[in-house]
Amino acid sequence: MELARYKACICEGAAESAIIDILVDNNLLIFPRSEMLDESVIRCRNAKRFEERYLRKGFDDQISVVRILDSRREEFRLSKAYAHKIDVINVITAPEIEMLIILNEGAYERFKRSGKKPSDFCKTDLQMHDVKSYDFVKKYFSNPDTLVRAIKEYRRMANIPNGEYTLLDLLK
């Protein structure tokens, strides 16, 4: 994965933001926080708003937009004025980021039999009611090695289409 000097790391939700913060704060990503726009995760999923808020600052260099999301179909169309300066990399966490917790809990088979969405399974079967909250995920994966193991296990178990990036691709 080739990335530009500056990165805009856009996360879909609070859980994804917590995971990226854990990884970047523990120097586990292929880029440091100092290369991230505003040195933080961005929670702006709309391309037009992203342009208005971040790209009008007059960057001379290329920017890689790294989007962490669970949907393969969500569009992120930049205007022609910026399209040549921006490369968009989608890192897919389908079906949901909560799969990392399910795998870490050793509950994958129970989850598959349940027929539930990953977040619902975590809430009902694993009794983790705040599973989508930033603070819960940050605390749950307070040991970054646990998070890295879950990311590796997800990559091993998931059916990832060719050419699709996962969180594993962002790790050093």
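Everything in the sequence shown is counted per our numbering, starting at 1 for the first residue and increasing by one. Ideal Cβ placement from N, Cα and C applies to all residues, glycine included.
Are R67 and N90 touching if we call contact CB-CB under 9 Å? In this structure, N90 lies closer than 9 Å to R67 by Cβ.
Going straight from the alpha carbon of N104 to that of A150, what length do you get? Each residue's alpha carbon lies about 5 Å from the other.
Simplified DSSP state of N90, which is helix, strand or coil: Correct three-state label for N90: strand.
Per DSSP, cross-strand counterpart(s) of M36: BP columns for M36 point to K7.
Beta-carbon of C44 versus every beta-carbon of chain D: anything under 9 Å? Absent from the structure is chain D; it holds one protein chain and no more.
When DSSP labels each residue in this structure, what does L69 get in the three-state scheme? L69 falls in the strand class under three-state DSSP.
Of the choices L69, Y82 and N162, whose alpha-carbon is the least far from that of L55? Of L69, Y82 and N162, the residue nearest in Cα terms is Y82.
Below 8 Å on the Cβ atoms is my guess for A4 versus V137; work out the distance and round it to an integer in Å. Contact doesn't hold; Cβ gap of about 28 Å is too wide.
Sub-9 Å separation of E52 and L78 beta-carbons: Not closer than 9 Å, so no.
Going by beta carbon distance, what residues of the same chain come within less than 6 Å of R33, once the five residues before and after it are set aside? Here the set comprises V24 and E39.
Return the CA-CA distance between N27 and K48, expressed in angstroms with no decimal places. Their Cα atoms are separated by approximately 31 Å.
Beta-carbon proximity check, V148 vs I101, cutoff 9 Å: I101 sits away from V148, with the two beta carbons spaced by 9 Å or more.
Based on the DSSP secondary-structure assignment, which residues constitute the bridge partners of L171? Secondary-structure assignment with DSSP links L171 through a beta bridge to L29.
Please list, in chain order, all residues of the same chain as C126 whose beta carbon is under 8 Å from its beta carbon, the five residues on each side excluded. The sequence given here places Leu at residue 126; Cys does not occur at that position. Spatial neighbours of L126 in its own chain (CB-CB distance under 8 Å, excluding positions within 5 residues in sequence) are listed in chain order as I101, I102, E105 and A107.
Just to confirm the assignment, what range does the alpha helix (DSSP H) spanning F141 have? Here F141 belongs to no alpha helix (DSSP H), and DSSP marks it neither H nor E.
Enclosing alpha helix (DSSP H) for Y82 [first to last residue]: Y82 -> alpha helix (DSSP H) spans K80 to A83.
Distance between D21 and K139 (C-alpha atoms, nearest Å): Each residue's Cα considered, the two are about 12 Å apart.
Do L69 and C122 have their C-beta atoms closer together than 9 Å? No, the Cβ-Cβ distance between L69 and C122 is not below 9 Å.
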